[in-house]
Each structure stands twice: as C-alpha cells, then as structure tokens.
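Residue numbers (our numbering): 10 to 392.
These notes are about the structure you will find just below.
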Ligand code: ADP
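What follows is the structure, encoded as structure tokens:
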C-alpha cells in the first residue's frame, strides 16, 4: 500500500460512518470499487471481487488499471476526471472490457462518481457485468440480420416466381390467338402445333407451382424421424427411375454396405430423387454413363455421395446452384428448385448439402446426416 492509501485508511477508520458506508457498499448487487487520486484501489466489495476473480481484499492497494485495460483509465484521464469531477459513464458509447485475474475478459459498464471524504477526493466506481445483456444484444442483432436477409430473399423470390410464371402465361395467350385464327381458317396442322405448345407451357407452370409448394411444405410439416436402411430406400428410389435409366443406358451402383441413417422417409426420398434425377439429366454425357452412390463415416455425421461422370460444374457455381431458381442448363427441363429443396431438407435434418466438382470431371453431390437425434431440428416453421 502507498503512504497515501494508508493515510486514507487512517482517515476512514476514524470516520464515524465508516462501518455504515462499508455495509452499504457490500450490500449493493453491483461491483463497487473506490480509487484514490493515484489510482490505487482503497475499497472493493465482494461483488467486484467475484466478478474479477479476486480473493477478499486482494484488490486493495492494486492499481485500478489491473481491472480495466482501456485508454479510458489512462492515468492522465483519471487525473482529468479528478480535476473536474462529475458523475459519468466510463467508456460511454463503446465496449469496455474488464480484465479478470486469470487473464479472461468480461464486458462491463462502469459508472464513475467523485466523492470527497475530508480533504481527499476519491472516485467511486460501480461496475455492472453486462455479459448477459451483450448476449441478448448479439442475439437480437443476429435475428435482425436474418429478417433482413429473408426480406431480400423474399423480394428475389417474388420477382423470379412472377417472371417464371409469367413467361408460360404470355406464351399461352399468344398461342390462344394463333389457335383462333388457325381454327377459322381450318389449318388443322397449325392448330395441333399450337395445342402442343399450350400443353408444354401449362405443364411448365404446373411443374413450377408443384415444386414451390413442395419447397414450402418442407418447412411447415415437421419431421417424422425414423431409422432408415439407406440401401433399401435407395433401391426403391432407383426403381422409380428405371424407365429413364434404361432409356439412357445408365448404370446405377449403390455401395453394398450402405448405412442406416436417422431421417424422415419422405424427405430423404425427395433428397435422393432430386440428386439422382439431376445425375440422369446432367451427368449422363459419357459413352457408358454411370451413377455411383457411396458413403463415408465422418464421426458425428454420416456422409452420402451421389456421383456422376458428366460435364461437371465450375467452382464458382458450387454454392449458387443450391439457391432457388439457379440453373446452369437453361435449355434443359427443370425449374431450379430441386437443389434448394435438397438443401432445405438437409438443414431441417441438422445436416448439410454440397457439391464437389470440376468441369469435365463429373460431380459428387454430398449430403451429411447427423447421427444424434439432438442435432436434428424437428420444429415446424412458425409454430
Ligand atoms: P433444375 O434441375 O430443375 O434446373 P436444380 O436445383 O436441381 O434445378 O439444379 C440447379 C442447376 O444445377 C441445374 O439447372 C444444373 O444446371 C445444375 N446441376 C444440378 N445437378 C447437376 C449435375 N449432376 N451435373 C451438372 N450440373 C448440375
């Protein structure tokens, strides 16, 4: 202790209200320390000691700088405060970090109050641990950012849906006009052609609406989890594609030792239906097209891979194709919703979906299923 600190003690000890003062300081639910003009701590309550991990009275005689490493407690600033003392917030408007004895940090808010005791001026600092407030603030900020992001996605969604639904409608209206003229002139070949185009445009609209409804259902229906033998499930899925596989001479090889996973049967089917459908559409470009389904154990997750040996995908599109309406093959049949459904289903399973591919090297579409029930999100959106 410095001589000045000792003299303060003498002063306080002789003060008739000393004990009352200490009892009040001790009973306050916030941390309190009192510092003399040289920055020595002369009083600390147990709340402050607990907050900064010090033993009882261990802070007495230490410099206040051991508690808050910030420019705010630079000795010059402390002197300035003591020369023009008034109640104020320390480090107002910016994050103040307290320094604990073990070197860890704690976010704090510090209020400074000058006090005069006899001829001496001291600074009484009330310290509040704002860890919880910071946590809630960070959570609110994240939620706000998520809502902002959702708004942007929603705008994009409305724009694309209206554009993609409008295109077949515009086509239909034109062909209805042609149809009327051709019927009046009895041009039956042209009538048939217009009817074909009308049918195609309507099927496209129907496909898009069905896919969008499916996508929205993924979030709303909640998951019915069960243990699924993937080999059995994949055989059922592949069987449904047998006509298209035969037509393109595509061989499908499923690893004989496929694992079991925890999943919602209908949703898991949708994931593999989409991946296999894409492998048929985009991956059967070689002379002897092949689709491989294999797996890897990755500790807490089971990884399943659907691989094709087609044209592959440039790295810059690897993430993008999982977004809604993102298509690299605009001329082929499809709506650009399939991989968005895959990604969403996997998210609800607490898992992930991604692609590994190089142009000319085929594509490996991976999905990761968590092994533990606790990792799976079985909520219904909005409930
Ligand atoms: P869709 O097939 O209806 O267009 P998806 O969301 O399933 O929509 O796929 C998005 C895009 O990703 C496709 O349009 C295609 O360009 C690309 N893609 C998907 N799977 C493959 C694949 N196996 N090989 C190459 N490109 C693919």
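Just so it is clear, CB atoms sit at the ideal spot from N, CA and C, and this is done for glycine as well.
#1: Can you tell me whether residue 19 is helix, strand or coil according to DSSP?
#2: Let me confirm a value: residue 291 is counted as buried when at least 16 other C-beta atoms fall within 10 Å, else exposed. Which label applies?
#3: Only counting the same chain, and skipping five residues up and downstream in sequence, which positions put a Cβ closer than 6 Å to that of residue 320?
#4: Output the boundary residues of the alpha helix (DSSP H) element that contains residue 145.
#5: For residue 195, is the classification buried or exposed, using 16 other Cβ atoms within 10 angstroms of its Cβ as the cut-off for buried?
#6: Rounded to the nearest angstrom, what separates residue 142 and residue 161 at their Cα positions?
#7: Which residue wins for smallest C-alpha separation from residue 370, given the options 324, 69, 354, 345?
#8: Do residue 335 and ligand 1 come close, with the Cβ less than 7 Å from some heavy atom?
#9: Residue 240: which of 226, 256, 264, 232 sits nearest, CA to CA?
#10: Measure the Cβ-Cβ separation of residue 348 and residue 330 and say whether it is below 8 Å.
#11: Can you grab the Cα-Cα spacing for the pair residue 366 / residue 144, in whole Å?
#12: From what residue to what residue does the alpha helix (DSSP H) around residue 281 run?
#13: For residue 147, does the count of other Cβ atoms within 10 angstroms reach 16, so buried, or fall short, so exposed?
#14: Residue 32 by DSSP, collapsed to three states: which one?
#15: Tell me where the beta strand (DSSP E) around residue 43 begins and ends.
#16: Is residue 318 closer than 8 Å to residue 298 when the C-beta atoms are compared?
#17: Count the other CB atoms, across all protein chains shown, that sit within 10 Å of the CB of residue 204; report buried if there are 16 or more and exposed otherwise.
Quick look at the numbers:
#1: Caution is warranted here: a pLDDT of 46 is assigned to residue 19, below 50, making its placement in the model unreliable, and the coordinate value is therefore given only provisionally. Helix at residue 19.
#2: buried
#3: Answer for residue 320: 294, listed in chain order.
#4: 140-193
#5: Counting C-beta atoms within 10 angstroms of its own C-beta, residue 195 has fewer than 16 neighbours from the protein chains shown and is therefore classed as exposed.
#6: 29 Å
#7: Cα-wise, what sits closest to residue 370 is 324.
#8: Yes, since a heavy atom of ligand 1 falls inside the 7 Å radius drawn around the Cβ of residue 335.
#9: 264
#10: yes
#11: 40 Å
#12: Run containing residue 281: 274-292, per the alpha helix (DSSP H) assignment.
#13: With fewer than 16 Cβ atoms within 10 Å of its Cβ, residue 147 is classed as exposed.
#14: helix
#15: In the DSSP assignment, residue 43 falls within the beta strand (DSSP E) that extends over 40-44.
#16: yes
#17: With fewer than 16 other Cβ atoms within 10 Å, it is exposed.
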